[in-house]
Amino acid sequence: MAMELLSKLPYDHPYRWDGTKFGSGRLWRPSDLGADLALWLDAEDTDSITLNGSTVSQWSDKSGNARHASQPTAALQPTYLPTGFNAKPTLQSDGNDVLELGATSLGRNVGGITAAIVGVHAAGPTFSSNANELYISTGTSLTSTRFAFTPNPSASTSNLYAVAGRRLDADSYQTVSSSTNSLDNRGNKWIRVGQAAYTDGVANHWTDGTQDLTNQSFQTAGVSSDTDALRTSIFGGVTQLPAGSQLCEIVLTHSTMTNLDRQKLEGYLAWKWNLVGNLPADHPYKTQPPFVIDPEAQKYLRAVEAADGQPLEEGVRLAVNDFVVGCKSDGIWDEIKASCILAGARTLGGALVPLTGAAPTNFNFVAGDYDRATGLVGDGSTKYLNANITDNEQGITLNNMHLSVYKTETGSTVGVRYLIGTNDSEIYTNFANLITQSRANAVISGAATDNNFIGWSRSTSTGYDLRVNSVTTAQVLASTSVANVNIGVFARTAPSIYSTHRLAFYSIGESLDLALLDARVSTLMTAIGAAIP
Amino acid sequence: MPLRLGSLTPAALRVGASEVTAAYLGSTLVYSSAPEFWEPSQLAELAFWLDADDASTITLNGSTVIQWDDKSGNARHVIQVTATSQPTNPIDLNNKRVIQFDGNNDFFNAPEFTTSRTVFIVANKGSATAPQLSGAAPGSFLPTWNVNAEKLEYRSVSTQTVLAVLGGGLTTEYAFGCVQLDTPNNEVKLNIFGGAVTTVSQPLSSSSDSKINIVGRDFAGANQFTDGAVAEIITLSDLISTEDRQNVEGYLAWKWGSV
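What follows is the structure in structure tokens.
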């Protein structure tokens with residue numbers, strides 16, 4: 001079921017994309033790509049389609065750059081099919097149709113181009129050599145192509161999806177083919193992403209979220225020519241797409257899009273055009289579409305703002321959202337079973353809202369112990385949090401567990417000072433040393449005063465990973481036993497052995513990649529710090 | 001926006017017997033009694049509101065539902081005292097709970113009221129061939145998913161005939177729709193999935209055609225039970241503006257349509 005009810009709201013319904021009024025998120029759209037967005041043609045947006053009877057005389061650009069594709073000759077206009085593509089609108093060629101843009105700055109003086117297209121080729125017809133879905137050219141011939149999509153680049157590499165073009169006007173035309181056979185894929189609807197990474201001198205291609213051309217050498221490294229494209233064509237260019245070819249949406253950016261943005265774009269297109277089934281099982285947007293504000297992040301932010309009694313700064317909201325989305329993209333989100341961001345919120349109450357899992361029980365912390373930028377400080381005698389999760393539940397087992405904290409200030413280092421844990425699984429300082437125990441101790445000499453991410457993760461009985469100061473080391477220490485008691489933060493539960501350190505984050509859960517979590521937490525802390533006035 | 005008094009959060013702020021709905025410091029709103037996010041309770045016309053995912057409104061008899069409370073404030077709770085006719089409350093639609101009928105004898109009796117002019121419903125049409133989710137004689141206003149025709153229908157309470165239909169190809173497992181009775185103009189307005197409103201001219205009786213008295217069973221009584229499920233029903237005592245209709249549609253779509 002997933003998003004079906006939501007995706008059936010009409011395209012122009014005021015709440016088709018934005019559910020924040022109802023306490024939910026806002027769906028990601030190409031307009032969220034910002035200034036890189038150079039061309040956006042969208043058949044579902046009927047306001048962008050100019051009809052000449054049943055054919056399309058203009059397909060208007062939604063990027064804000066007014067790069068509208070048009071065709072004044074009726075016989076060359078593609079047909080508009082209101083429910084032709086998975087019950088949604090599409091433009092279909094009769095084999096001769098083409099929409100044209102005149103001179104534009106598409107691809108001019110840029111470090112890269114990334115384009116995504118949704119469409120289908122009819123099951124029967126074959127492809128002419130150098131037929132194009134999209135063709136941007138500085139001249140009128142094949143060799144003047146700056147950037148193009150084609151299902152059939154040439155006789156030598158026939159019937160493979162490919163990207164083609166030149167970086168500099170003086171370069172020779174080049175095609176780089178994916179491994180996906182376009183003839184075999186006729187009749188199947190697809191999402192294709194092509195990329196000319198000019199600055200790196202490579203090209204990439206993805207079909208339905210799976211990369212089928214990886215960093216193939218493409219021209220020389222540098223920025224493309226500083227000349228306008230004389231012509232851009234849709235459905236054709238050198239030669240036309242065969243009859244029955246349909247195009248639904250084209251998004252082009254002047255950038256070598258990051259993988260995160262490329263996956264968002266694929267997710268957006270897949271959920272919009274009912275092509276989620278095409279995405280591979282491990283695609284980050286296989287189970288839900290991309291959100292600007294992730295629903296789980298939104299739920300957390302809503303709770304924090306309710307506790308604070310006022311909204312957070314947009315920068316804090318985005319920092320939290322990026323953290324959640326990033327952890328999901330890294331595949332470590334589900335492993336985090338209990339966590340608090342002890343920074344960013346306006347009040348102590350907001351800071352103790354759980355990001356995931358159970359809310360901690362506060363023992364003796366008061367408002368004055370909390371700082372929005374640096375977190376919560378212990379008193380070494382009475383103040384701690386009961387995380388309300390044991391070291392033996394919710395998938396956490398003897399040999400499948402992690403603990404982490406983000407320490408921002410070092411308090412007293414006299415004697416043992418607990419950061420998080422039980423008497424079997426813990427992180428603490430002992431004079432100058434940082435001690436971690438994953439059912440056996442590891443001592444990091446002199447690390448007690450280092451302020452950053454600290455974590456350990458055990459996934460086997462024979463040892464565990466320890467991460468301090470951005471370095472992960474493998475500790476060869478066998479696991480022993482579980483405590484089966486709730487985990488403390490700022491103290492060891494029973495409680496005892498309190499600390500005066502200051503913490504801005506903690507997480508408890510199953511084993512995970514500490515380097516990935518460290519990167520996300522560190523980025524979160526930096527972003528929160530920057531967002532707070 | 002919660003009200004705080006020290007560390008306490010009073011439920012309401014009153015001056016004498018009158019509740020303060022908003023407070024300002026200068027021009028800045030510092031307190032509002034309105035929900036933090038939009039929900040149907042903000043509609044003055046709200047007459048009847050059943051929400052299957054609100055556990056506080058569900059009274060269980062073991063694993064079956066004996067009572068489903070009305071959230072409108074009008075106490076129009078629906079009840080089934082016969083254990084074998086009680087539906088269940090499973091998790092189904094995007095990890096949210098729905099009321100699931102068995103297609104054999106499950107249904108709820110509703111206190112009869114005739115003040116509904118606008119009805120929203122989120123429901124799974126089920127597989128039974130009979131029209132469903134309406135009321136037994138003497139009829140009910142609740143719209144019907146016609147499984148065979150794959151359409152949203154509104155049927156006359158008095159004659160039980162189909163007065164207005166919309167759709168065809170309504171093949172999704174769950175759907176949501178809206179039926180409005182413009183009694184003065186003798187028009188029935190229908191739309192599904194928040195789409196364009198279709199208007200059908202039809203003589204209407206203000207006294208009977210807006211009646212609701214049963215949920216989960218068709219007019220004809222025996223053999224007309226649904227094996228579908230209901231997620232939410234919202235009825236309003238009058239026609240509402242396009243803006244308010246879209247608010248309800250957005251509320252339903254984001255609530256039931258997002259993961």
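Heads up: the protein sequence lines correspond to chains A and B, in order.
If you count by our numbering, then the first sequence holds residues 1 to 533, one letter each, in order.
If you count by our numbering, then the second sequence holds residues 1 to 259, one letter each, in order.
Here a beta-carbon is modelled for each residue, glycine too, at the ideal position from N, C-alpha and C.
A quick note: this is a predicted structure, and the numbers were derived from the prediction, not measured.
Assuming residue i contacts residue j under a Cβ cut-off of 8 Å, what Cβ separation, rounded to an integer in Å, is found between them?
{"i": "A:T232", "j": "A:L101", "result": "4 Å"}
{"i": "A:E510", "j": "A:E296", "result": "About 17 Å; that fails the 8 Å criterion."}
{"i": "B:V65", "j": "B:N89", "result": "5 Å"}
{"i": "A:R146", "j": "A:G107", "result": "5 Å"}
{"i": "A:T175", "j": "A:A196", "result": "With 8 Å as the limit, A:T175 and A:A196 do not qualify as a contact, their Cβ atoms being about 11 Å apart."}
{"i": "A:L213", "j": "A:S172", "result": "19 Å between Cβ atoms; not a contact."}
{"i": "A:A387", "j": "A:I508", "result": "6 Å"}
{"i": "B:E187", "j": "B:T198", "result": "At roughly 10 Å, the Cβ-Cβ gap does not stay under 8 Å, so B:E187 and B:T198 are not in contact."}
So, with DSSP's three-state summary, where would you put residue i?
{"i": "A:W456", "result": "strand"}
{"i": "A:G488", "result": "strand"}
{"i": "B:A231", "result": "strand"}
{"i": "A:A75", "result": "helix"}
{"i": "A:S137", "result": "strand"}
{"i": "A:R29", "result": "coil"}
{"i": "A:F22", "result": "helix"}
{"i": "A:Q240", "result": "coil"}
{"i": "A:Y285", "result": "coil"}
{"i": "B:Q224", "result": "coil"}
{"i": "B:L190", "result": "strand"}
{"i": "A:G267", "result": "helix"}
{"i": "B:Y154", "result": "strand"}
{"i": "A:N259", "result": "helix"}
{"i": "B:D182", "result": "strand"}
{"i": "B:P40", "result": "helix"}
{"i": "A:Y198", "result": "helix"}
{"i": "A:V443", "result": "strand"}
{"i": "B:I240", "result": "coil"}
{"i": "B:V119", "result": "strand"}
{"i": "A:R108", "result": "coil"}
{"i": "A:K62", "result": "coil"}
At the 8 Å Cβ level, is residue i part of the contact set with chain A, yes or no?
{"i": "B:E249", "result": "yes"}
{"i": "B:F37", "result": "yes"}
{"i": "B:Q42", "result": "no"}
{"i": "B:R229", "result": "The amino acid occupying residue 229 of chain B in the given sequence is Ala; Arg does not appear at that position. Closer than 8 Å: no."}
{"i": "B:G126", "result": "no"}
{"i": "B:K71", "result": "no"}
{"i": "B:Q246", "result": "yes"}
{"i": "B:A123", "result": "no"}
{"i": "B:G257", "result": "yes"}
{"i": "B:W254", "result": "yes"}
Consider the Cβ of residue i: report whether some Cβ of chain B lies at a distance smaller than 8 Å.
{"i": "A:P290", "result": "no"}
{"i": "A:L312", "result": "no"}
{"i": "A:P533", "result": "no"}
{"i": "A:L9", "result": "yes"}
{"i": "A:P295", "result": "yes"}
{"i": "A:A6", "result": "The sequence given here places Leu at residue 6 of chain A; Ala does not occur at that position. Yes, its Cβ sits closer than 8 Å to a Cβ of chain B."}
Among all the DSSP beta bridges, which residues are the ones paired with residue i?
{"i": "A:R192", "result": "A:I117 and A:T207"}
{"i": "A:Y406", "result": "A:F453 and A:F505"}
{"i": "A:A319", "result": "None; A:A319 has no bridge partner."}
{"i": "A:N400", "result": "A:T397"}
{"i": "B:D51", "result": "B:E232"}
{"i": "A:Y80", "result": "A:L91"}
{"i": "A:Q174", "result": "A:G165"}
{"i": "B:R217", "result": "B:F225"}
{"i": "A:P354", "result": "A:C340"}
{"i": "A:I528", "result": "According to DSSP, which records beta bridges pairwise, A:I528 is partnered with nothing at all."}
Please confirm if residue i has its CB atom under 8 Å from at least one CB of chain D.
{"i": "A:S60", "result": "The structure shown contains no chain D; its protein chains are A and B."}
Checklist entry - When you check each C-beta in the region 38-55 of chain A against every C-beta of chain B, which residues fall closer than 8 Å? => result none
Item to check | Proximal residues, the region 174-196 of chain B versus chain A, C-beta separation under 7 Å | outcome: With the criterion set as a beta carbon lying under 7 Å from some beta carbon of chain A, the members of the region 174-196 of chain B are Y174, F176, F193, G194 and G195, in sequence order.
Checklist entry - Of the residues that make up the region 357-385 of chain A, which ones have a beta carbon closer than 8 Å to any beta carbon in chain B? => result none
Item to check | Members of the region 14-27 of chain A that neighbour chain B once the beta carbon cut-off is set at 7 Å | outcome: P14, Y15, G19, K21, F22, G23 and S24
Checklist entry - For the region 48-67 of chain B, which residues have a beta carbon sitting closer than 8 Å to at least one beta carbon of chain A? => result Cβ contacts with chain A: none found.
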